[in-house]
Amino acid sequence: MSEQLSNQQLLAAAQQFGTPLYVYHAEKITEQYQKLVNAFAKSDVKIFYACKALTNISILKHVKSLGSNVDCSSINEAKLALHAGFSPDRVLYTSNGIAFEEIEEAQSLGIHINIDSLSNLEKFGKKFGHSYPVGIRLRPNILAGGNFKISTGHDKSKFGIPVDQLDKVITLVNEYNIHIQGLHIHTGSEIKDVDVFVQGIEVLFDIIPHFNELKFIDLGGGFKVPYKHGDAETDIPLLAQKVKEAFEAHPVARNLQIWFEPGKFLVSDCGYLIAQVNVLKETSATTFAGINTGFNHLIRPMFYDAYHRIQNLSNPDGQEKKYSIVGNICETDTFAWDRKLHEIREGDYLVFYNAGAYGFEMSSNFNSRFKPAEVLIKESNMHLIRKRDTFEDLLKNQVEIA
Ligand SMILES: *Cc1c(COP(=O)(O)O)cnc(C)c1O
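If you count the sequence shown from 1, position 391 lands on 467 in the numbering used here, and the numbers rise without skipping.
In structure tokens, the structure reads:
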């Protein structure tokens with residue numbers, strides 16, 4: 077059975093905590109995590125939740141309670157993970173273009189590190205020699221992912237050390253006797269084609285013989301989830317089968333751990349953004365429903381042309397009409413154009429689905445609006461896990477001069 081919050085639960089949360097409001101469903105995260113665990117049961121797989129998708133401490137704690145590890149994109153995310161109670165050996169920092177000081181800090185925290193540039197690899201070798209095992213983030217030169225903005229493995233991408241520079245990696249590793257414990261790739265986000273992962277595996281398998289202290293192969297994240305009915309989804313059981321076959325057939329890889337870093341897959345579907353309709357505006361082009369949120373709270377439609385399903389929670393049986401759902405930010409701020417929805421009245425509650433990943437996390441105070449509150453529903457209990465901003469928050473770090 078697929079976990080989903082009912083309209084009544086969503087309305088109750090909105091009425092109790094106000095809107096705009098992010099609501100997350102703990103059991104949905106559990107369900108997604110279990111899908112991975114079950115599919116990969118026959119391989120030595122470790123899951124690292126890519127927490128940049130959603131870092132609320134209560135979410136991190138829930139993910140931790142499931143037995144997951146965590147993958148971080150900044151030193152602060154790593155500190156949040158430690159704060160949430162993950163032991164350092166369950167925290168991975170996959171860096172990208174960061175200052176070496178941050179890598180030193182990660183080393184001092186005792187967490188796993190994937191290094192993504194020759195320059196930082198050299199500094200790391202000089203400072204730590206063989207004393208601290210690290211992974212290297214490679215760029216496989218594979219183009220994959222939902223769109224160019226979220227593709228990270230192609231030959232014009234800034235991410236990772238290009239595989240064609242492998243000889244330079246090997247020179248550094250030999251010169252400083254660096255302890256390379258893992259090879260990492262993350263090819264992009266929203267990869268529905270399982271063969272992309274297989275291609276990545278083949279690229280890494282060719283590289284394995286150059287390193288003799290490997291412990292893991294890290295295949296990154298990027299599993300696609302459906303955003304609308306009929307959308308494709310990464311076939312996880314098929315992926316698990318192909319990965320297992322590939323690793324078992326390789327003389328060295330068969331003894332290595334397989335790491336994955338899913339973000340969206342674990343938390344996209346667990347999240348709902350609820351907003352209310354401020355104004356209806358009939359025009360010759362369309363009927364606008366202006367709502368009390370905007371791309372300051374959910375940037376994916378404007379930033380990635382992402383599609384989010386929307387429903388009118390207040391009038392689920394109303395007659396269907398076409399609306400353009402727009403935000404209140406002074407900028408083009410369109411969530412949906414000419415979308416069929418049950419009749420909307422001013423004051424109605426609308427819900428955006430799949431708002432868990434890169435929703436609140438990418439929110440801002442643009443237009444000096446407050447960031448929304450966040451609520452976690454766990455075992456049918458509602459928990460406020462972040463308060464809505466207040467006016468003081470807007471002023472908090474400002475230094476007023478005379
Ligand atoms: C963002 C990111 C992920 C997660 O990507 P999803 O598409 O959310 O699964 C995994 N690994 C790294 C290194 C990332 O930067």
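Every residue gets a Cβ at the ideal spot worked out from N, C-alpha and C, and that includes glycine.
Exercise. Between A412 and F379, what straight-line distance do the alpha-carbon atoms span, to the nearest angstrom?
Worked result: What you label residue 412 is simply residue 336 of the sequence shown in a count that begins at 1. What you label residue 379 is simply residue 303 of the sequence shown in a count that begins at 1. Going by C-alpha positions, A412 is about 13 angstroms away from F379.
For this session: Kindly indicate the opening and closing residues of the beta strand (DSSP E) around R462.
Result: The residue given as residue 462 occupies position 386 in the sequence shown. For R462, the enclosing beta strand (DSSP E) stretches over residues N457 to R462.
Exercise. From this set, K225, L295, L426 and K234, which residue's C-alpha is nearest S193's C-alpha?
Worked result: Looking up residue 193 in the sequence shown gives position 117. The shortest Cα separation from S193 among K225, L295, L426 and K234 belongs to K234.
Exercise. Is the beta carbon of S265 within less than 7 angstroms of some heavy atom of ligand 1?
Worked result: The residue given as residue 265 occupies position 189 in the sequence shown. Yes, Cβ of S265 sits closer than 7 angstroms to a heavy atom of ligand 1.
Exercise. By how many angstroms is the C-alpha of A382 removed from the C-alpha of Q85?
Worked result: Taking the first residue of the sequence shown as 1, we reach residue 85 at position 9. Taking the first residue of the sequence shown as 1, we reach residue 382 at position 306. When the Cα atoms are used, Q85 and A382 turn out to be separated by approximately 26 angstroms.
Exercise. Mapping DSSP to helix, strand and coil, what is K128?
Worked result: Position 52 of the sequence shown, counted from the start, is the residue given in the question as residue 128. The answer is helix: DSSP assigns K128 an H, G or I state.
Problem set entry | Supposed close pair Y109, L142 - CB separation, criterion 8 angstroms | Translated into positions along the sequence shown, residue 109 becomes position 33. Translated into positions along the sequence shown, residue 142 becomes position 66. Right, their Cβ atoms sit about 5 angstroms apart.
Exercise. What's the call for Q257, buried or exposed, on a 16-neighbour Cβ count within 10 Å?
Worked result: Taking the first residue of the sequence shown as 1, we reach residue 257 at position 181. Buried: at least 16 other Cβ atoms inside 10 Å.
For this session: Inspect the CB distances between the stretch 174-181 and the stretch 196-206 and report whether three or more fall short of 8 angstroms.
Result: In this structure the stretch 174-181 lies against the stretch 196-206, because at least three pairs of beta carbons, one per stretch, are closer than 8 angstroms.
For this session: Kindly examine ligand 1 and report whether one of its heavy atoms sits closer than 7 angstroms to the Cβ of K225.
Result: In the sequence shown, counting from the first residue as 1, residue 225 sits at position 149. Incorrect: K225 has no Cβ contact closer than 7 angstroms to ligand 1.
For this session: Check T410 in the structure and name its three-state DSSP category.
Result: Start at 1 with the first residue of the sequence shown, and residue 410 comes out as number 334. Strand.
Problem set entry | Residue environment, I191, which counts as buried when at least 16 other CB atoms sit within 10 Å | Counting from 1 along the sequence shown, the entry for residue 191 is found at position 115. Residue burial annotation: I191 is buried, with at least 16 other C-beta atoms found within 10 angstroms of its C-beta.
For this session: Using only alpha-carbon positions, find the residue among N457, F442, V139 and E450 that is nearest to A160.
Result: Here residue 160 corresponds to residue number 84 of the sequence shown, with the count starting at 1. For A160, the closest alpha carbon among the candidates N457, F442, V139 and E450 is that of V139.
For this session: Consider the C-beta atom of D147 and the heavy atoms of ligand 1; say whether any pair is separated by less than 7 angstroms.
Result: As a first step, residue 147 must be located in the sequence shown, where it is residue number 71. Yes; taking the cut-off as 7 angstroms, the Cβ of D147 has a heavy atom of ligand 1 nearer than that.
For this session: Starting from the C-beta of G432, find all residues in its chain whose C-beta is less than 7 angstroms away, skip the five residues before and the five after it, and write them out in chain order.
Result: Walking along the sequence shown from the start, residue 432 turns up at place 356. Excluding residues up to 5 positions away in sequence, Y100, L130, V343, S344, D345, C346 and G347 lie with their Cβ nearer than 7 angstroms to the Cβ of G432 in the same chain.
Exercise. What does a CB cutoff of less than 8 angstroms around E289 pick up in its chain, not counting 5 residues either side in sequence?
Worked result: Against the sequence shown, residue 289 aligns to sequence position 213. Within its own chain, the residues whose Cβ lies closer than 8 angstroms to the Cβ of E289, once the five positions on either side in sequence are excluded, are P209, H255, I256 and Q257, listed in chain order.
Exercise. What are the boundary residues of the beta strand (DSSP E) that L426 is part of?
Worked result: By 1-based counting over the sequence shown, the position of residue 426 is 350. Run containing L426: Y425 to F428, per the beta strand (DSSP E) assignment.
Problem set entry | V239 burial status per 10 Å Cβ neighbour count (16 or more: buried) | Indexing the sequence shown from 1 puts residue 239 at position 163. Buried is the call here.
Problem set entry | Residue of D282, Q183, F371 and E358 minimising C-alpha distance to S440 | The sequence position of residue 440 within the sequence shown is 364, counting from 1. If we check each option's Cα against that of S440, F371 comes out closest.
Exercise. If we ignore side chains and look at the alpha-carbon of each, how far apart do A157 and L112 end up?
Worked result: Working through the sequence shown from its first residue, we reach residue 157 at position 81. Working through the sequence shown from its first residue, we reach residue 112 at position 36. The alpha-carbon atoms of A157 and L112 are separated by roughly 21 angstroms.
Exercise. Considering I212, what are the terminal residues of the beta strand (DSSP E) in which it resides?
Worked result: Residue mapping note: residue 212 aligns to position 136 of the sequence shown, counting from 1. Counting along the chain, I212 sits inside the beta strand (DSSP E) bounded by residues V210 to R215.
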